[in-house]
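2 protein chains.
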Amino acid sequence: MKLESDWVTGFVDGEGCFHVGVNPHGDMRAGFQVLPEFTVVQHERDVQLLHALKEHFGCGVVRRNHGDRMAYRVRGKEHLLRRIVPFFDKHPLKSKKRQDFLKFRRILMMMEAGEHLTETGLAAIREVARQMNRGRLRESPAPPETGEENRAKFLVG
Amino acid sequence: MKLESDWVTGFVDGEGCFHVGVNPHGDMRAGFQVLPEFTVVQHERDVQLLHALKEHFGCGVVRRNHGDRMAYRVRGKEHLLRRIVPFFDKHPLKSKKRQDFLKFRRILMMMEAGEHLTETGLAAIREVARQMNRGRLRESPAPPETGEENRAKFLVG
Chain A
11 MKLESDWVTG FVDGEGCFHV GVNPHGDMRA GFQVLPEFTV VQHERDVQLL
61 HALKEHFGCG VVRRNHGDRM AYRVRGKEHL LRRIVPFFDK HPLKSKKRQD
111 FLKFRRILMM MEAGEHLTET GLAAIREVAR QMNRGRLRES PAPPETGEEN
161 RAKFLVG
Chain B
11 MKLESDWVTG FVDGEGCFHV GVNPHGDMRA GFQVLPEFTV VQHERDVQLL
61 HALKEHFGCG VVRRNHGDRM AYRVRGKEHL LRRIVPFFDK HPLKSKKRQD
111 FLKFRRILMM MEAGEHLTET GLAAIREVAR QMNRGRLRES PAPPETGEEN
161 RAKFLVG
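As they're listed, the protein sequences go chains A and B. The working numbering numbers the first residue of the first sequence as 11 and each following residue consecutively. The working numbering numbers the first residue of the second sequence as 11 and each following residue consecutively.
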């Protein structure tokens with residue numbers, strides 16, 4: 011299924027989520043891992059839309075979220091910076107979700123500059139992340155991680 | 011705010027609802043009123059999108075749904091048949107919500123032919139309406155009606 015850019019923006023205005031997790035992690039230099047992710051969750055009957063988004067952006071994975079919900083998810087700084095951010099720069103979101111996107115982009119830029127590896131930078135990132143998704147989440151953007159192996163796949167830094 | 015057609019389709023694929031209520035009503039010839047409505051519900055922070063949809067379609071109202079949720083709502087056979095249906099005929103939904111739209115359109119055509127005023131036609135409409143929105147509603151498309159005055163505004167037939 012071919013997706014028009016404006017359709018993607020409209021759909022993400024409704025269903026998308028830009029989220030940055032900052033979680034304690036012993037292995038990271040600053041003691042925390044920063045996990046930016048872009049997610050779109052749908053009922054499994056519309057999983058074909060999630061695959062179409064994956065094809066559209068040329069990155070990410072489609073996985074079961076929980077129960078009958080499926081998620082398209084992009085983690086990983088490079089894909090987010092090279093694919094997701096430029097798209098929404100060019101085709102701006104119209105909802106207040108754009109504010110989340112702008113904070114999300116700012117954190118990615120800070121990570122690009124290595125700021126998440128210093129205590130000062132990490133504190134700044136946490137502050138921006140804290141201001142995101144205020145009361146905007148209707149669905150958990152990510153299932154609970156199970157075990158270190160699963161967690162390790164998504165480490166950034 | 012000007013909305014691109016593809017954006018509208020994408021946003022409605024995510025957030026829209028096509029619903030037909032069939033409710034007992036003493037004043038109607040067949041004893042029931044048929045209430046088709048197209049609804050988009052948003053948190054009040056994005057009410058400007060609902061006003062933009064109203065402007066885009068040239069019909070409908072923006073009202074508080076419940077709590078901090080606002081709704082753009084189009085009721086009334088004429089606006090639905092002349093404005094909403096032709097738009098989604100021209101710019102088809104990509105999600106399974108399109109199946110609801112097609113049933114919605116079918117019921118409107120049946121109403122256009124006056125079938126909702128006969129017992130046989132009404133039974134057929136109820137059967138199609140029953141097959142819509144199966145497990146697809148995340149939010150009530152309409153607040154509870156309060157009193158006859160409010161109900162009477164939306165009578166169809």
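Glycine residues also receive a C-beta, built at the ideal position from the N, C-alpha and C atoms. None of these values were measured; they are calculated from a predicted model.
Exposed is the label assigned to A/Asp37, since fewer than 16 other Cβ atoms lie within 10 Å of its Cβ.
Legend: CB atoms of the stretch 37–68 of chain B lying less than 7 Å from CB atoms of chain A belong to residues Arg55, Asp56 and Leu59. Pairing A/Asp110 with A/Val84, the inter-Cα distance amounts to about 16 Å.
A/Leu59 is positioned such that its CB atom lies closer than 8 Å to that of B/Lys104.
Taking the beta carbon of A/Thr128 as reference, no residue of chain B falls within 9 Å; the closest one sits roughly 34 Å away. Boundaries of the beta strand (DSSP E) harbouring B/Glu47: Phe42 to His53, taken from the DSSP string.
Under the Cβ distance rule, A/Lys113 does not count among the residues neighbouring chain B, no pair being separated by less than 8 Å. Around A/Lys106, the beta-carbon contacts reaching into chain B at under 7 Å are Arg55 and Asp56. Taking a cut-off of 8 Å on C-beta distances, the stretch 17–30 of chain A does not touch the stretch 70–80 of chain B, as fewer than three cross pairs fall below it. Between B/Gly26 and A/Gly41, the alpha-carbon positions lie close to 43 Å from each other.
At a cut-off of 8 Å, the C-beta of A/Met80 has no neighbouring C-beta in chain B. Collapsing the DSSP output to three states places B/Ala139 in a helix.
At a cut-off of 8 Å between beta carbons, A/Val84 makes no contact with chain B.
Collapsing the DSSP output to three states places A/Pro96 in a helix. For B/Met80, there is no enclosing alpha helix (DSSP H); the enclosing beta strand (DSSP E) covers residues Arg79 to Arg85. Chain-ordered listing is empty here: chain A has no CB closer than 8 Å to the CB of B/Glu125, the nearest sitting near 29 Å. Taking CB atoms only, A/Met119 has no neighbour in chain B less than 8 Å away. Burial is judged here by how many other beta carbons sit within 10 angstroms of a residue's own beta carbon; A/Met121 has at least 16 and is buried. In terms of beta-carbon proximity, A/Asp99 stays away from the interface with chain B, with every pair separated by 8 Å or more. Assignment of B/Gly24 by DSSP, reduced to helix, strand and coil, places it in the helix class. Distance from the Cα of B/Met142 is smallest, within the candidate group B/Ser15, B/Lys113, B/Gln52 and B/Val50, for B/Lys113.
DSSP places A/His66 within a helical segment (H, G or I) once states are collapsed to three. Excluding sequence positions up to five before and after A/Leu118, its CB lies within less than 8 Å of the CB of Pro46, Lys87, Leu90, Leu91 and Val95, all in the same chain and listed in chain order. Per DSSP, reduced to three states, the secondary structure at B/His29 is strand. Here B/Thr49 has Cys27, Ala81, Arg83 and Pro151 as same chain residues with Cβ atoms under 6 Å from its own Cβ, once five neighbours each way along the sequence are excluded. One finds Gly20 in chain A with Cβ atoms closer than 8 Å to the Cβ of B/Val18, taken in chain order. Note that the C-beta distance between B/His66 and B/Val18 is below 8 Å. A Cβ-Cβ contact shorter than 8 Å links A/Val138 with A/Arg116. The alpha-carbon of B/Phe98 is positioned some 33 Å away from that of A/Arg144.
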